[in-house]
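Working notes, structure below.
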Amino acid sequence: MPLPTRLLALSALLALPLAAPAQDGAPRALVVMNLAAHPDDEDGATLAYYRHHEGALAPSVIFTRGEGGQNEAGPDLYERLGAIRTVETEQAARILGTQVHFLNFYDFGFSKHAAETYREWSRPRRGFWDAEGPPISEAAGRDTVTARLVHLIRTLKPDVLFTNHDTTTVWPRAQHGHHQVVGLSAWEAFEKAADPAYHPEQLAEEGVDLWQPSRLFVRQFRPDGTHDVAVPVSDPCPTSRTLQDTPGCSDLAVEAAAQHVSQGFDKFADRFRRDTTYFVLYRRADGVPPLPDGATDLAAGLPERPEALRLPTRYLLDSGRLAPYPGLQVGETVAVPGQAVTVTWPEDPRTRGGRLAISLGDGSVDAPLRDGSLVLRVPDAAAPTAPRHRYQYDRFLSRPPIHYTVSEPGGSAARTRYGGYLPLEVVPPVVVDLDPAPVRLVAGDNAVPVAVRTHDPAADAVRLTLEVTDGSGAVVATDAATLAPADTAAVLHARLAEGAAPGAYAVRVTAEATPTSAPADPYRVTRPAAVLPDVRVAEGLRVGFVRSYDRVTEDALRAMGAEVVVLDSTALAAGAFDGLDTVVLDIRAYLVRPDLRAHNDRLLDWVRDGGHLVVGYHKLFEWNAGGNTGGFFDTLVEVPEGGWAPYPLRLGRDRVTMEDAPVELLAPGHAVFRAPHAIAAADWDGWVQERGLYFPSEYDARYQELVGVGDAGEAPLRGGLLLAEAGEGTYLYSPLVFYRQLEALNPGAWRLFANLVSLPLVEEGGMGG
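First residue of the sequence shown: 1486, per our numbering; consecutive thereafter.
Next up, the structure:
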């Protein structure tokens, strides 16, 4: 992906000298940069300390947008989750007082190895389902990652780099593979940013110069006395916000961490509170003075640079150093290139005689505040910024494109008093969207719901076309429709011939607004699709379903022919499970369903009376009785002493991250592998992202191990499927990520899951072989 350097250049418009709030004291003319792999990995306490306590410039660099994580706040995954986590990170940054730069490497899920991460990051990728070809090579990825970081270092010119991620690549001490790459690339970029032979083409860009950082630090989370610097992050961090008491820098870090709701950090943000952050010096440039004994400052002894206090307007806005102008409004929230938008504001006696400067793209507009309104025209060449999940990878900075400043009277010496972003996004003339998941097709008619949003005021019609292609690229179905601009939804129909072969397909919808005042390429959305072989649960199966925040499993069960009964709080409290063959607990249900926790005993009693309970993957935080390893990893909810399962079962942090990791059936003759579908080796092919997460680490001997699976070079984990008889019924726990595979329309995963839920109707008497 080309570096979006043009957008960095835009952020330099209207550069202003830093005027620290009176509470901050004299600012330090230094740049202290944090590097992190994912949103929520940033070192918030240390960032807040250098921004608010020291008054330094404190940019935060995030390598991914967190697309590969789980979403504890809703069903959105992949790039849509990345857009959510981007917003959360920006909200946190305004509290910390920093500006976030995203390097836009795609988060493909947990990785154990830097080599895998480099390979995955060697190819352009703008979404989970649309990677542009296979990975190139580890070497290509290494250069791509290092070059992108070098470019940012040459642009922002940090004096100090610090990160939570070290360079260790050998387990068990190694971090997440993405973290390893951050540590390794920081080590390399530290030197290469000053090397004129390394990517010299970058130096032709304005503001990009050879640069040598002075120091690189790695945080030490378990201090053992070997640290080089101890930063007192509990010190006061005065801010320009009105607070009853001046917070400590660690207090701001807690408040910022709580913004990461999609990761559940709002539930345990206080665990980020620290009195001190400890660092080990990894690299020091030639001529830089050594650190004094007992150092409490990462920048101890470094000369200040006055130019570091001349900040771009966008940094002042992103870091919360300018308050928005009260009452300033824009008449539109979205606009197409070429469209005129109106900005209005009330008169304010405090700024009478002042001026409003608005910057959009490469141009700016300046107006006296007394006018009360002005009209802006979005440039014809303005790049779209929304929908965010589609265009976020085009930019390092993810802000709305229009920003403004309000200056007090005073001519050239006028003080900038206010500033902000206008809540307006640049959009294509028309936008269409499909369900983000792959499309399940069947022979015959397939209704394809399409969401439509026409933004161009000049349009009087929208033309939609649909094409379905098979694995060879041949078009096998088409449809079209013409809509009025006010229409927001349509249903197109993909009619596949009877006998359509099972396999991979693709669904593409194209939208064109006519006429349009903003010439642009047609807007296209493509989704992978599949025709599944016949996958059915046992005939007559009735399944009770306990929802969490994901509908994929529930919808798949219905598609398999199960009669699904959603179990609400009333049903759980009453133990109303009569007539059900199986109950399925969706992923992390014990975290998000307090009613399930309160009435879990009713479910276990039902199992002992002959029911079959299938439990999807959970994390340690909501599962393990008595906490985990202490501190950060303690349990989030109250877990009874006996746990949630009928017999002791404790989760660990082991994961199988390679989606093609070899699988061994430990009881190949068991009914779960025989009916309704015979499970073969090929049914484990084509999985996405990973095999499983948080595998059980300890469990009672009454659980039968059915599946062993492990990453290359590691001993297989034998808890991939655990089944136990409990009274007259059965209990099954699996850390395998079935929900991702069901959404991906993996036929083998569908067949196996159909077997798991069908067990009570296909097995008469006993656990089987």
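Cβ coordinates follow ideal geometry from the N, Cα and C atoms, glycine included.
Asked                                                                                                                                                                                  : Found
When we look at the beta-carbon of A1979 and count the other beta-carbons within 10 Å, is it buried (16 or more) or exposed?                                                           : buried
Identify every residue that forms a DSSP beta bridge with G2193.                                                                                                                       : E2149
For G1984, which beta-bridge partners are listed by DSSP?                                                                                                                              : The partner list for G1984 (beta bridge, DSSP) is empty, contrary to what the question assumes.
Under the three-state reduction of DSSP, which class applies to G1582: helix, strand or coil?                                                                                          : coil
Any chance you could list the alpha helix (DSSP H) runs of at least 4 consecutive residues sitting entirely within the region 1627–1694, in chain order?                               : 1662–1677
Quick one, are the C-beta atoms of W2091 and G2128 less than 8 Å apart?                                                                                                                : no
Under three-state DSSP, which class holds Q1814?                                                                                                                                       : strand
Give a yes or no on whether the C-beta atoms belonging to Y1767 and W1672 are separated by under 8 Å.                                                                                  : yes
Straight-line CA distance for F2238 to A2130?                                                                                                                                          : 20 Å
Quick one, are the C-beta atoms of L1641 and S1699 less than 8 Å apart?                                                                                                                : no
I need the straight-line Cα distance from A1975 to A2014, nearest angstrom please.                                                                                                     : 19 Å
How would you write the range of the alpha helix (DSSP H) that L2244 sits in, first residue to last?                                                                                   : 2232–2247
Under DSSP, the alpha helix (DSSP H) around T2038 begins and ends at which residues?                                                                                                   : 2037–2044
Let me know the secondary structure DSSP gives N1519 once reduced to three states.                                                                                                     : strand
Pop quiz: H1940 and P1914 are said to be a contact at Cβ under 8 Å. What is the actual Cβ separation, rounded to whole angstroms?                                                      : 6 Å
Would you identify the three-state DSSP class for E1557, choosing helix, strand or coil?                                                                                               : coil
Between the alpha carbons of N2109 and P2133, how many angstroms are there, rounded?                                                                                                   : 10 Å
List the whole-angstrom C-beta distance separating D1964 from L1977, where the pair is believed to meet the contact cut-off of C-beta under 8 Å.                                       : 4 Å
Please work out which residues of its chain come closer than 6 Å, Cβ to Cβ, to L2065, disregarding the five sequence neighbours upstream and downstream, and give them in chain order. : R2027, G2029
Any contact between the region 1645–1660 and the region 1577–1587? By contact I mean 3 or more CB pairs, one from each, below 8 Å.                                                     : no
Going by beta carbon distance, what residues of the same chain come within less than 7 Å of P1869, once the five residues before and after it are set aside?                           : Y1876, V1911, V1912, P1913
Less than 8 Å separating the beta-carbons of G1668 and H1598?                                                                                                                          : no
For E1573, count neighbouring C-beta atoms within 10 Å of its own C-beta (all shown protein chains included) and say buried if the count is 16 or more, exposed if not.                : buried
Can the beta-carbon of P1723 be found closer than 8 Å to that of T1711?                                                                                                                : no
Comparing C-alpha positions only, which one of V1863, R1610, G2204 sits nearest to D1879?                                                                                              : R1610
What residue ranges within the region 1699–1723 form continuous alpha helix (DSSP H) runs of no fewer than 4 residues, ordered along the chain?                                        : none
What's the C-alpha gap between N2240 and Y1990?                                                                                                                                        : 26 Å
Can you have a look at T1781 and say buried or exposed, based on whether 16 or more other CB atoms are within 10 angstroms of its CB?                                                  : exposed
Compute the Euclidean distance between the alpha carbons of W1830 and R1938, then round it to the nearest angstrom.                                                                    : 29 Å
Sort D1709, A1689, D1680, Q1687 by Cα distance to Q1697 and report the nearest one.                                                                                                    : D1680
Looking at R2012 and L1919, is the spacing between their C-beta atoms short of 8 Å?                                                                                                    : yes
G1816 and V1863 - do their beta-carbons sit closer together than 8 Å?                                                                                                                  : no
Got a sec? Which residues, its chain only, sit under 6 Å from G1582 by beta carbon, not counting five neighbours each side?                                                            : R1536, H1537, S1804, G1805
Which first and last residues belong to the beta strand (DSSP E) in which L2134 is found?                                                                                              : 2134–2136
Between the alpha carbons of G2154 and S2182, how many angstroms are there, rounded?                                                                                                   : 25 Å
To which residues of the same chain is I1843 closer than 6 Å at the C-beta, ignoring the five residues directly before and after it?                                                   : V1850, Y1889
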